[in-house]
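Notes to accompany the following structure.
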Ligand SMILES: Cc1cc2nc3c(=O)[nH]c(=O)nc-3n(C[C@H](O)[C@H](O)[C@H](O)COP(=O)(O)OP(=O)(O)OC[C@H]3O[C@@H](n4cnc5c(N)ncnc54)[C@H](O)[C@@H]3O)c2cc1C
C-alpha cells in the first residue's frame, strides 16, 4: 500500500511539527510520521531554553499565546564570568531587550504535536518508525516503514528528515556528515521552589572552561545543569553522580540554593555528545533541526535552531511544494540560508567544545560586557543568536571593549584581582 503526499516529514518533535504546520499553512498535504506512539512523548535530554532568535517563528506558528498560557517563562539570560556578572539591561528610555522563553519539553512537545495534528493538511501518524527511503531516477521519493513483516510506503515530492541528531533519514540518504568530539559532560535536574535572585533571570556560569546553568521554567520548576570537562570530572561523575552534581552546583559563585528546593527529577545527562554537522539536503530530501546540525547543548541553541531551520526550509521550498513546482532549486537555497545563519556560530561552539580556555578576543569582549552596559547588550545579542560573530567581534566592538577595559583599569588601578589573572 502506498499513500501520496506533497511532503513526508520523519519525526514529530520541534523541527518536524514546525515544518508540518508551516508547509500545511501554504496548502501542502503533509504526512508527519513519528516513531513514538504516545501523543505526550517528549525529549528528556534537553534543558529547553528557547533563544530570542526563534521568537519570530514561534509567532508565525501561533505558538506564543499557547506557550504563555502553559506558563512559559520569559528570560533575559545573565552570565557569570570571572570579571563579574553580565546582566544585560535595556537602554534607558528604550524598549525591553528581546527575550527568549523557558518551557519544559514535557509541556512543549505535546503542545506542539497537538498544534500540528489540528492543522488542516497535516496527517500525523504516531508509532511509525521509518526505516527505509524510496528512490526513483536518482532522487528520493518517499519513505518506507517495515514492521512485523508488513511494509507501508509513503510517497511524497519532498522527504524531510526531522528525526534528531542520530537521524535515520540522514544515515539512509548517505548525505555527508562531520562528527567532532565534545569534551564536556552534561547533567541536569529539575527543582521546584528554588529561591530566585531578583528578576528571576536565567543564569549561566562561565567557569572557563566548565559551565553551569539555572533556567526557571513553567510550573515553578528550575532546571539546574552543569557541563564539567571530561578530563577532570568523568570518573567522579561516573562513580557518584548525585554527590558530584550537587557539589559542583553548590560550589558555584552565587550558587543556586538547591538545598532549599525540592528536586523533582532524577539527575540525568550524558557522558558523550559529539557535535554533528550534515549537508542539509539531497535530491528531493532535506534535513531540519538536529538532523542537520546538532551542536554542543551548552549554548542552548538546538531547539531555537530547530524552529528556525523549519522556517528556512519552508520559505525556500514551500511554494514549489504546495504549487506542484520543482523543489530542487529551493533545496539549494535552503542550504545557503542554513549555512549563513548557523555555520559561524556552530564553528565557534564546536571549537569551544574541545574544552579550551577563553581566547584573547573572548576575554576582551566578555570582560568589557561585565563592566559596561552597552557591551553587555552587545554580548547578549550575540548569545541570543540575534547577531553573528562578524558583528559581535567587529572592529568597532573590539575597540569599544578595549576602551571600556582601559577606563576600568584607570579607575580601579592595581587593586583589581581579576586583572592579576588576565590581561583584560
Ligand atoms: C543535554 C541536552 C540539553 C539540551 N538543552 C537545550 C537547551 O537548553 N536549549 C536548546 O535550544 N536546545 C537544547 N538541546 C538541544 C535540543 O534538545 C535539540 O536541539 C532539539 O530537540 C532538536 O529538535 P529536533 O526536532 O530537531 O529533534 P528531536 O527533538 O530530537 O526530535 C526527533 C524526533 O524524531 C523522532 N524519530 C527519530 N527517529 C525516527 C524514525 N526513524 N522514524 C520516526 N520518527 C523518528 C523522535 O522520536 C523525535 O520525536 C539540548 C540537548 C541535550 C542533549
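Numbering (this note's numbering), first residue to last: 1 to 424.
Even for Gly, the Cβ is constructed at its ideal location relative to N, Cα and C.
Remember, it's a predicted structure, so these values are computed and weren't measured experimentally.
Does at least one heavy atom of ligand 1 sit under 6 Å from the Cβ of residue 177?
Taking the first residue of the chain shown as 1, we reach residue 177 at position 177. No, the Cβ of residue 177 stays beyond 6 Å of every heavy atom of ligand 1.
When the distance is taken between beta carbons, is residue 139 closer than 7 Å to residue 283?
Mapped onto the chain shown, residue 283 falls at position 283. Mapped onto the chain shown, residue 139 falls at position 139. Yes, they are a contact pair.
Kindly indicate which residue of 32, 67, 56, 36 has the alpha-carbon position closest to the one of residue 48.
By one-based count along the chain shown, residue 48 stands at place 48. Ranking 32, 67, 56, 36 by Cα distance to residue 48 puts 67 first.
Does the beta-carbon of residue 303, which I'm using as the reference point, lie nearer than 6 Å to any heavy atom of ligand 1?
Looking up residue 303 in the chain shown gives position 303. Yes, the beta carbon of residue 303 sits closer than 6 Å to at least one heavy atom of ligand 1.
Consult DSSP for residue 421 and reduce its assignment to one of helix, strand or coil.
Residue 421 sits at position 421 when you count from the first residue of the chain shown. Low confidence applies here, because residue 421 scores a pLDDT of 46, under 50, leaving its location unreliable; read the following figure in that light. Three-state result, residue 421: helix.
CA-to-CA distance, residue 5 to residue 329, given in whole angstroms:
Taking the first residue of the chain shown as 1, we reach residue 329 at position 329. Taking the first residue of the chain shown as 1, we reach residue 5 at position 5. Their Cα atoms are separated by approximately 20 Å.
Whole-angstrom distance between residue 321 and residue 327, CA atom to CA atom
Position 327 of the chain shown, counted from the start, is the residue given in the question as residue 327. Position 321 of the chain shown, counted from the start, is the residue given in the question as residue 321. Looking at the backbone, the Cα of residue 327 and that of residue 321 are separated by about 6 Å.
Length-filtered (4 minimum) alpha helix (DSSP H) runs lying within the region 144-180:
Every alpha helix (DSSP H) of 4 residues or more that sits fully in the region 144-180 is shown, in chain order, as 168-173.
Would you say the beta carbon of residue 10 comes nearer than 6 Å to a heavy atom of ligand 1?
Residue numbering aside, residue 10 sits at position 10 when the chain shown is read from its first letter. Checking every heavy atom of ligand 1 against the Cβ of residue 10, one is found closer than 6 Å.
Taking Cβ to Cβ, would you say residue 53 is nearer than 7 Å to residue 386?
In the chain shown, counting from the first residue as 1, residue 53 sits at position 53. In the chain shown, counting from the first residue as 1, residue 386 sits at position 386. Residue 53 is a Cβ neighbour of residue 386, given a cutoff of 7 Å.
Can you give me the start and stop residues for the alpha helix (DSSP H) that residue 305 sits inside?
Along the chain shown, read from residue 1 onward, the residue named residue 305 stands at position 305. 302-322 is the extent of the alpha helix (DSSP H) around residue 305.
Which first and last residues belong to the alpha helix (DSSP H) in which residue 187 is found?
Along the chain shown, read from residue 1 onward, the residue named residue 187 stands at position 187. According to the DSSP assignment, residue 187 belongs to no alpha helix (DSSP H) but to the beta strand (DSSP E) extending over 186-192.
Since residue 103 and residue 217 should fall inside the 8 Å C-beta cutoff, what is the C-beta to C-beta distance between them, to a whole number of angstroms?
Locating residue 103 in the chain shown gives position 103, where the first residue counts as 1. Locating residue 217 in the chain shown gives position 217, where the first residue counts as 1. Contact between residue 103 and residue 217 holds, with the beta-carbon distance rounding to 6 Å and staying under 8 Å.
In three-state terms, what does DSSP make of residue 54?
Sequence index remark: in the chain shown, residue 54 carries index 54 (1-based). If DSSP states are grouped into helix, strand and coil, residue 54 belongs with the helices.
Bridge partners - residue 216, DSSP secondary structure assignment:
Numbered from its first residue, the chain shown carries residue 216 at position 216. DSSP lists 222 as partners of residue 216.
Can residue 49 be considered in contact with ligand 1, in the sense that its beta carbon sits closer than 6 Å to one or more heavy atoms?
Along the chain shown, read from residue 1 onward, the residue named residue 49 stands at position 49. Result yes, Cβ under 6 Å from ligand 1.
Helix, strand or coil at residue 132 according to DSSP, with G and I counted as helix:
Walking along the chain shown from the start, residue 132 turns up at place 132. Three-state result, residue 132: strand.
Return helix, strand or coil for residue 416, following the three-state DSSP convention.
Reading the chain shown from its first residue, position 416 is the one you call residue 416. Model confidence at residue 416 stands at a pLDDT of 48, short of 50, so the residue's coordinates are unreliable; what they give is reported in the following sentence. Secondary structure at residue 416: coil, using DSSP grouped into helix, strand and coil.
Considering only heavy atoms of ligand 3, does any lie closer than 6 Å to the CB of residue 129?
This structure lacks ligand 3; its bound ligands are ligand 1.
Quick one: any contact between the region 233-242 and the region 107-119, if contact means 3 or more CB pairs under 8 Å?
Result no; under three Cβ-Cβ pairs closer than 8 Å.
Rounded to the nearest angstrom, what separates residue 301 and residue 51 at their Cα positions?
The residue labelled residue 301 in the question sits at position 301 within the chain shown. The residue labelled residue 51 in the question sits at position 51 within the chain shown. Our two residues, residue 301 and residue 51, have alpha carbons roughly 6 Å apart in a direct line.
At what residues does the beta strand (DSSP E) containing residue 73 begin and finish?
Counted from its first residue, the chain shown places residue 73 at position 73. Taken as a continuous stretch (DSSP letters only), the beta strand (DSSP E) holding residue 73 covers 73-75.
For a quick check, are the C-beta atoms of residue 90 and residue 96 less than 7 Å apart?
For the purposes of this step, residue 90 is taken as the residue at position 90 of the chain shown. For the purposes of this step, residue 96 is taken as the residue at position 96 of the chain shown. Between residue 90 and residue 96, the CB-CB gap stays under 7 Å.
State the CB to CB distance for the pair residue 63 and residue 115, rounded to an integer number of angstroms; the pair is presumed to be in contact (CB under 8 Å).
Locating residue 63 in the chain shown gives position 63, where the first residue counts as 1. Locating residue 115 in the chain shown gives position 115, where the first residue counts as 1. Between residue 115 and residue 63 the Cβ distance is about 7 Å, and since that is below 8 Å, they are a contact.
In whole angstroms, give me the CA-to-CA distance for residue 350 and residue 182.
On the chain shown, position 350 is the one that residue 350 refers to. On the chain shown, position 182 is the one that residue 182 refers to. CA-CA distance, residue 350 to residue 182, rounds to 7 Å.
At the level of alpha carbons, what is the spacing between residue 82 and residue 360?
Reading the chain shown from its first residue, position 82 is the one you call residue 82. Reading the chain shown from its first residue, position 360 is the one you call residue 360. Rounded to the nearest angstrom, the two C-alpha atoms are 14 Å apart.
Between 184, 22, 40, 280, which lies nearest to residue 332 when the distance is taken from Cα to Cα?
As a first step, residue 332 is located in the chain shown; it is residue number 332 there, counting from the start. When C-alpha distances from residue 332 are compared across 184, 22, 40, 280, the shortest belongs to 280.
What does a CB cutoff of less than 8 Å around residue 123 pick up in its chain, not counting 5 residues either side in sequence?
One-based indexing of the chain shown puts residue 123 at position 123. Result list for residue 123: 5, 29, 30, 31, 32, in chain order.
Suppose the cutoff is 8 Å on Cβ atoms and the five residues either side in sequence are ignored; what does the same chain contact list for residue 405 look like?
For the purposes of this step, residue 405 is taken as residue 405 along the chain shown, with counting starting at 1. Once the five neighbours on either side are set aside, the close Cβ partners of residue 405 are 364, 367, 368, 371, 424.
Buried or exposed by the 16-neighbour rule on C-beta atoms within 10 Å, applied to residue 421
For the purposes of this step, residue 421 is taken as the residue at position 421 of the chain shown. Confidence at residue 421 is low in this model, with a pLDDT of 46, below 50, so its placement is unreliable and the value that follows should be read with caution. Label assigned to residue 421: exposed.
From the DSSP output, in three-state form, read off residue 252 for me.
As a position in the chain shown, residue 252 is number 252, starting the count at 1. DSSP places residue 252 in coil when its eight states are reduced to three.
According to DSSP, is residue 326 part of a helix, a strand, or is it coil?
On the chain shown, position 326 is the one that residue 326 refers to. Looking at residue 326 - three-state DSSP - the assignment turns out to be coil, as it is neither helix nor strand.
Cβ shell of residue 276 (< 6 Å), same chain only, five flanking positions each side left out:
Working through the chain shown from its first residue, we reach residue 276 at position 276. Around residue 276: 165, 179, 294.
Please return the same chain residues whose Cβ sits closer than 6 Å to the Cβ of residue 390, not counting the five positions on each side in sequence.
Along the chain shown, one-based indexing puts residue 390 at 390. Answer for residue 390: no residue qualifies.
What is the C-beta distance between residue 185 and residue 237, in whole angstroms, given that I count them as a contact (C-beta under 8 Å)?
Here residue 185 corresponds to residue number 185 of the chain shown, with the count starting at 1. Here residue 237 corresponds to residue number 237 of the chain shown, with the count starting at 1. About 6 Å separates the Cβ atoms of residue 185 and residue 237, confirming a contact at the 8 Å cut-off.
Under 6 Å from any heavy atom of ligand 1, does the C-beta of residue 100 make it?
Counting from one through the chain shown, the residue named residue 100 turns up at place 100. For residue 100, the distance from the CB to the nearest heavy atom of ligand 1 is not below 6 Å.
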